[in-house]
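Peer 1: Before anything else, here's the structure in question.
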């Protein structure tokens, strides 16, 4: 259904939106990214992904809302228009399609990919432990049956490799945001080490502004800080890799709620969650646009 | 840190009523995590400023409704995949949260954070006395490991006598891999 939505969006907004296939999942499903661009060639870009952990349904739903909002408000929202004057936006909504299908058909609380490695006792690799940043560290597991199984080697998962190849090939991504749930947090690197990133001060300030913008919608409180100090040690994580690639504005969101419904967030909360998160994303995108590097 | 004993935390917290958001109560607590025996639940002492809301009326309505059911209550997947809880199941869910709170306390260490993710199934068990009894199979989400852990709980409840978890046990992960 989401792929159908993407087709329609591109068809209705041909000058702004296009769809790129960046790879295929383990089970052979195409992995699509929406590109929003007002022109130019290899412009500096913002990347947003949702649904890398398939059970975090509020994120894919929010991704759909972000896509629609960009298409509808790219001229009426001055902040968004200014961003798109200088930068492209890439949006990957179903970052883990095999997992997503599995949450609909077999196990609503499935997190990982659906790959089989080493003997096949258990299925799946945690796509947020499979990146080449502190890969193999104690913030991940070597047990294939674990929810935080890192995989046999970095980028073993085609879902991860597709993004790695895309980012490297593009070479001009300036902000990278990976969206998860739940806990109500805005996080910046690192997760694999307690060493602060060199840009800690700036990232902390951007996070502070973004969180304030988010709260302005419905009063939802988000905490913010580095991954390792705010949530837990995590090795082989997405934004640790993107930061080390030179993408300074690398952030991870953990959306609503704080545990009462957790992954099973009521559908009635999707729109508020998406709206408030979008306000925070605007802050990050605007900052990236105004602070080229 | 307390030598040879463990680590104590002093907490100031605010309790917020899930049902009536304006109803908030201040609380202070002391938690002691034991050094040696990691099988022992942390010691908890707390003080509440003021009183918790009186729920006698709603308790009795729920109690009488269940008592008057012709067949024992049975339900699955609360909330469902989309986060929906039918209104008549809301007290069943709140009861599970209270009971799960006990299970979580008994199994907590400084390195765990448990949340009740879902009630997989709940089955009312007929009793000859005044208590209501429910056999729950729930899924707990442990945050640090990100694991989903099935857990069985036998829960007794009575409007005047409160919640008792008479039996609880961790279940093996469903071989649904």
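Chains as they are written, first to last, in our numbering: chain H, 1 to 293; chain X, 294 to 470. For glycine and all other residues, C-beta sits at the position ideal for the given N, C-alpha and C.
DSSP three-state call for residue 293 of chain H: helix, strand or coil?
Peer 2: Taking the first chain and counting its residues from 1, one reaches residue 293 of chain H at position 293. Residue 293 of chain H falls in the coil class under three-state DSSP.
Peer 1: Would you give the residue range spanned by the alpha helix (DSSP H) that residue 429 of chain X belongs to?
Peer 2: The sequence position of residue 429 of chain X within the second chain is 136, counting from 1. Run containing residue 429 of chain X: none in the alpha helix (DSSP H); it sits in the beta strand (DSSP E), 425-435.
Peer 1: Given residue 321 of chain X, which residues of its chain have a CB within under 6 Å of its CB, disregarding the five upstream and five downstream residues?
Peer 2: Counting from 1 along the second chain, the entry for residue 321 of chain X is found at position 28. Contacts found: 305 and 340.
Peer 1: Could you give the C-beta distance for residue 51 of chain H and residue 93 of chain H, rounded to a whole number, given that I count them as a contact under 8 Å?
Peer 2: Along the first chain, one-based indexing puts residue 51 of chain H at 51. Along the first chain, one-based indexing puts residue 93 of chain H at 93. With a Cβ gap of about 6 Å, residue 51 of chain H and residue 93 of chain H count as contacting.
Peer 1: Please state whether DSSP places residue 52 of chain H in a helix, a strand or coil.
Peer 2: Translated into the one-based positions of the first chain, residue 52 of chain H becomes position 52. Of the three classes helix, strand and coil, the one that applies to residue 52 of chain H here is coil, per DSSP.
Peer 1: Just verifying my parser: in three-state terms, what is the DSSP assignment at residue 103 of chain H?
Peer 2: As a first step, residue 103 of chain H is located in the first chain; it is residue number 103 there, counting from the start. It is helical.
Peer 1: Residue range of the alpha helix (DSSP H) that residue 209 of chain H falls in?
Peer 2: Taking the first residue of the first chain as position 1, residue 209 of chain H is located at position 209. Start and end: 200-218.
Peer 1: Report the partner residues of residue 444 of chain X according to the DSSP bridge assignment.
Peer 2: As a first step, residue 444 of chain X must be located in the second chain, where it is residue number 151. According to DSSP, residue 444 of chain X bridges with X/431 and X/463.
Peer 1: Residue 82 of chain H and residue 174 of chain H: beta carbons closer than 8 Å?
Peer 2: Counted from its first residue, the first chain places residue 82 of chain H at position 82. Counted from its first residue, the first chain places residue 174 of chain H at position 174. No; because the gap between Cβ atoms is not below 8 Å, this pair is not in contact.
Peer 1: With residue 226 of chain H and residue 187 of chain H assumed to form a contact (beta carbons below 8 Å), what rounded beta-carbon distance in angstroms separates them?
Peer 2: For the purposes of this step, residue 226 of chain H is taken as the residue at position 226 of the first chain. For the purposes of this step, residue 187 of chain H is taken as the residue at position 187 of the first chain. About 7 Å separates the two Cβ atoms, so the contact holds.
Peer 1: Can you confirm whether residue 251 of chain H, when its beta carbon is compared against all beta carbons of chain X, has any partner nearer than 8 Å?
Peer 2: The residue given as residue 251 of chain H occupies position 251 in the first chain. False, the Cβ-Cβ gap to chain X never drops below 8 Å.
Peer 1: Using beta carbons (cut-off 8 Å, strictly below), is residue 261 of chain H in contact with chain X?
Peer 2: In the first chain, counting from the first residue as 1, residue 261 of chain H sits at position 261. Answer yes: the Cβ-Cβ gap between residue 261 of chain H and chain X drops below 8 Å somewhere.
Peer 1: For residue 114 of chain H and residue 147 of chain H, which I take to be in contact (beta-carbon distance under 8 Å), what is that distance rounded to the nearest angstrom?
Peer 2: In the first chain, counting from the first residue as 1, residue 114 of chain H sits at position 114. In the first chain, counting from the first residue as 1, residue 147 of chain H sits at position 147. With a Cβ gap of about 14 Å, residue 114 of chain H and residue 147 of chain H do not count as contacting.
Peer 1: Would you say residue 464 of chain X lies against chain H (beta-carbon separation less than 8 Å)?
Peer 2: Within the second chain, numbered from 1, the residue matching residue 464 of chain X stands at position 171. No, no contact with chain H.
Peer 1: DSSP three-state label for residue 451 of chain X, please.
Peer 2: What you label residue 451 of chain X is simply residue 158 of the second chain in a count that begins at 1. Reduced to three states, the DSSP call for residue 451 of chain X is strand.
Peer 1: Name the chain H residues whose beta carbon is nearer than 7 Å to that of residue 376 of chain X?
Peer 2: The sequence position of residue 376 of chain X within the second chain is 83, counting from 1. Chain H residues near residue 376 of chain X: 261, 264, 265, 266 and 267.
Peer 1: Would the stretch 361-372 of chain X count as touching the stretch 404-419 of chain X if we require 3 or more Cβ pairs under 8 Å?
Peer 2: Cβ pair count under 8 Å is three or more, so yes.
Peer 1: Quick one: which residues of the stretch 393-416 of chain X get their C-beta closer than 7 Å to a C-beta of chain H? List them in chain order.
Peer 2: From the stretch 393-416 of chain X, only 408, 410 and 411 have a Cβ closer than 7 Å to chain H.
Peer 1: Considering residue 307 of chain X, what are the terminal residues of the beta strand (DSSP E) in which it resides?
Peer 2: For the purposes of this step, residue 307 of chain X is identified with residue 14 of the second chain, where counting begins at 1. Residues 299-309.
Peer 1: Could you pull the DSSP bridge partners for residue 177 of chain H from this structure?
Peer 2: If you number the first chain from 1, residue 177 of chain H lands on position 177. BP columns for residue 177 of chain H point to H/48 and H/251.
Peer 1: Mind checking residue 450 of chain X: buried by the 16 CB within 10 Å criterion, or exposed?
Peer 2: Translated into positions along the second chain, residue 450 of chain X becomes position 157. The residue in question, residue 450 of chain X, is buried, as its Cβ has 16 or more Cβ neighbours within 10 Å.
Peer 1: Going by DSSP, what residues sit across from residue 321 of chain X in a beta bridge?
Peer 2: On the second chain, residue 321 of chain X is found 28 positions in, with the first residue counted as 1. DSSP output for residue 321 of chain X lists X/305 and X/340 as bridge partner(s).
Peer 1: Please confirm whether residue 396 of chain X and residue 386 of chain X have their CB atoms less than 8 Å apart.
Peer 2: On the second chain, residue 396 of chain X is found 103 positions in, with the first residue counted as 1. On the second chain, residue 386 of chain X is found 93 positions in, with the first residue counted as 1. For residue 396 of chain X and residue 386 of chain X, no; Cβs fall outside 8 Å.
Peer 1: Enumerate in chain order the residues of its own chain whose CB-to-CB distance from residue 302 of chain X is below 6 Å, with the five nearest sequence positions on each side excluded.
Peer 2: Numbered from 1 along the second chain, position 9 holds the residue referred to as residue 302 of chain X. So the list reads 324, once near-sequence residues are dropped.
Peer 1: Is residue 142 of chain H helix, strand or coil by DSSP?
Peer 2: Here residue 142 of chain H corresponds to residue number 142 of the first chain, with the count starting at 1. Coil.
Peer 1: Should residue 14 of chain H be labelled buried (16 or more other beta-carbon atoms within 10 Å of its own) or exposed?
Peer 2: Mapped onto the first chain, residue 14 of chain H falls at position 14. Residue 14 of chain H is exposed by the Cβ-count criterion.
Peer 1: Apart from the five residues on each side of it in sequence, which residues of its chain come closer than 8 Å, Cβ to Cβ, to residue 213 of chain H?
Peer 2: As a first step, residue 213 of chain H is located in the first chain; it is residue number 213 there, counting from the start. Result list for residue 213 of chain H: 279, 280, 282 and 283, in chain order.
Peer 1: If contact is defined by three or more beta carbon pairs under 8 Å, each pair taking one atom from either stretch, is the stretch 205-220 of chain H in contact with the stretch 71-87 of chain H?
Peer 2: These segments do not touch.
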